[in-house]
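Chemist: So in the numbering used here, spot 65 of the sequence shown is number 156, and the numbers just go up one at a time.
Below is one structure. I have some questions about it.
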Amino acid sequence: VFFIQHNFPESYTSDEDNWSYFRGALSGSSFLQMPAILNWFTADIAYHHIHHLSERIPNYRLKECHEVNIHLVQNVHRLYLSQVSDCFSLILWDRERLELVSPFA
Numbered sequence: 092v093f094f095i096q097h098n099f100p101e102s103y104t105s106d107e108d109n110w111s112y113f114r115g116a117l118s119g120s121s122f123l124q125m126p127a128i129l130n131w132f133t134a135d136i137a138y139h140h141i142h143h144l145s146e147r148i149p150n151y152r153l154k155e156c157h158e159v160n161i162h163l164v165q166n167v168h169r170l171y172l173s174q175v176s177d178c179f180s181l182i183l184w185d186r187e188r189l190e191l192v193s194p195f196a
């Protein structure tokens, strides 16, 4: 789950000189769309993007913080279970294009 929340198509990545904390938090991690029962089993880890804004927020508060701050997180990349397999091949960093790429493409 952690891998696909950071490695997905069009994930925000940047070189050291141009890094943006806010963009890294909200565009460099995804919001995994799962059924409620899976959110329960995973302690709401689908809301992991909130953790990147503040690592002090405990898992049991991630969903609540997401809902209270919807104005900040409305553009976070939504990732659906049907797209999960597409993420596993994004393992290489292309320095010229500044994006994650697949060695199999």
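Here a beta-carbon is modelled for each residue, glycine too, at the ideal position from N, C-alpha and C.
If we count Cβ pairs, one from each stretch, closer than 8 Å, do we get three or more for the segment 103–110 versus the segment 132–142?
Modeler: Flag = no, the segment 103–110 and the segment 132–142 do not touch.
Chemist: Thinking just about the alpha-carbon of each residue, which of P126, H139, G115, E101 is nearest to the one in V92?
Modeler: Of the candidates P126, H139, G115, E101, the one whose C-alpha sits nearest the C-alpha of V92 is H139.
Chemist: Give the range of the alpha helix (DSSP H) segment to which V167 is assigned.
Modeler: That residue, V167, is in no alpha helix (DSSP H); it is neither H nor E in DSSP.
Chemist: Is F99 closer than 8 Å to S121 when the C-beta atoms are compared?
Modeler: Yes, Cβ-Cβ distance for S121 and F99 is below 8 Å.
Chemist: If I measure Cβ to Cβ from Q96 and keep anything under 7 Å in the same chain, skipping five residues before and after, which residues do I get?
Modeler: So the list reads S120, S121, L123, H139, once near-sequence residues are dropped.
Chemist: How many Å lie between E101 and L181 at the Cα?
Modeler: Taking the straight line joining both Cα atoms gives about 10 Å.
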